[in-house]
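Notes to accompany the following structure.
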Amino acid sequence: MNWETLKLDIMDTGVSVLTFNRPDTMNSVNDQFCFDVQAVCKVISENDAVKVIVITGAGKGWSSGGDISMLASIEDPISAKATYDAAGELVKAIYELKKPVIAALNGVVAGASIAACLACDLIIASEKARMGFTFMQLAFCPDSGTSHFLIQKVGYHKALELLWFGKILNAEEAEKLGLLNKVVPHEECLPEAIRWAEKLAQQPLMTVGLDKKLLREAAKNNFYQQTELEAMYQVLAWSSDDFKEGCEAFAEKRRPVFKNR
């Protein structure tokens, strides 16, 4: 399935690979790109054959952020607000996916696209990947949710260091800061992300989804609120057919076959 700026490949395993497909511009973000990402996320959400999503980029980069030619052509504050709102909606579309999302970070990610990357649930990075916090070079603030994700990942002081000095992190540095999960040889980036996705697709996906909700709520809940939420979600998990299958498989010393219900 193809859009003007994207490709979507749906595999028999339940894994889908979404490719940002503007390689001539390092997959930079323009209005059409924002529209296409929102449209494809809607398709993904409504397609039961899609269990896990992997997002990668065509060419040498994952996404370089906002298309500079588009940003430079903005003529008034109203148009500027509409442009940045559209980028925010792109990130929201990825963040709001209830299914697991894995970024296969095959190269450079910079600017607003860092937010799109950090909105994913897991991040596998090529050894050639770079994270560019390059807003300051354009006298820009972080946008599209970058500051939200960044302060949760690295804290206030390190976040300001990255932003104020326009840091460009290599993959190993980003991993040490907790900005991604794993660094692999370049040629293994997408295959490893797909392996993780295929493994996830075999898990009880109802529980996977509940875990995703729990950890997001944990960032704002206190201990008492979070334990109450855990108890409620655990009752939901306990009520599922997959829990019964897990118990039976454990007793019978076999691998469980989950049906996601």
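In case it helps, full-length UniProt numbering puts the sequence shown at residues 1 to 261. Note that the Cβ used here is the ideal one computed from N, Cα and C, for glycine as well.
Give a yes or no on whether the C-beta atoms belonging to residue i and residue j are separated by under 8 Å.
i	j	result
Ala201	Val29	no
Ile123	Leu180	yes
Gly166	Thr134	yes
Ala116	Ser45	no
Val54	Val17	yes
Lys153	Leu118	yes
Ile151	Ala139	no
Asp121	Val108	no
Thr207	Asp241	no
Gln203	Phe258	yes
Leu236	Glu217	no
Glu198	Thr13	yes
Quick one: Cα of residue i to Cα of residue j, how far?
i	j	result
Glu75	Gly65	20 Å
Lys51	Pro77	40 Å
Pro256	Leu71	51 Å
Met11	Ala171	28 Å
Thr227	Leu205	22 Å
Leu233	Arg195	Checking the sequence, you will find Tyr at residue 233 rather than Leu. If I take the Cα positions, the gap works out to 28 Å.
Val40	Lys244	34 Å
Lys7	Ala49	17 Å
Trp238	Ala249	15 Å
Ala112	Tyr156	19 Å
Lys182	Glu173	11 Å
Leu162	Ile168	8 Å
Gln225	Asp24	48 Å
residue 280	Arg254	Nothing about residue 280 can be read from this structure; the chain reaches only from 1 to 261.
Ser147	Met136	13 Å
Ser79	Ile114	23 Å
Glu252	Ala219	38 Å
Trp3	Asn221	39 Å
Ser73	Asn47	37 Å
Leu215	Glu175	20 Å
Gly246	Ala103	29 Å
Taking the alpha-carbon of residue i as reference, which of the options has the nearest alpha-carbon?
i	options	result
Ala58	Glu4, Ser45 and Phe20	Phe20
Ser69	Gln38, Asp31, Lys158 and Arg255	Asp31
Leu97	Lys153, Phe149 and Lys213	Lys213
residue 268	Asn260, Gly145, Lys7 and His157	With the chain running from 1 to 261 in the structure shown, residue 268 is simply not present.
Ala82	Asp143, Ala174, Phe258 and Ser240	Asp143
Met26	Asp67, Asn47, Trp3 and Trp164	Asp67
Ala193	Ser147, Trp3 and Ala125	Ala125
Arg22	Leu190, Asn47 and Thr5	Thr5
Leu190	Gly61, Lys176 and Gln38	Gly61
I'd like to know if the stretch 184-192 and the stretch 125-138 are in contact, where contact means that at least 3 CB-CB pairs between them fall below 8 Å. The stretch 184-192 makes contact with the stretch 125-138, as at least three CB pairs between them are under 8 Å.
So, do the stretch 78-95 and the stretch 31-40 have three or more beta carbon pairs nearer to each other than 8 Å? Because the criterion of three Cβ pairs below 8 Å is met, the stretch 78-95 and the stretch 31-40 touch.
As an exercise, report each continuous beta strand (DSSP E) stretch of at least 3 residues that is fully enclosed by the stretch 152-211, in chain order. Taken in chain order, the whole beta strand (DSSP E) runs of length 3 or more contained in the stretch 152-211 are 168-170 and 182-184.
Considering only residues of the stretch 74-107, which uninterrupted alpha helix (DSSP H) runs meet the minimum length of 4 residues and lie entirely inside it, listed in chain order? Counting only runs of 4 or more, we get 77-95.
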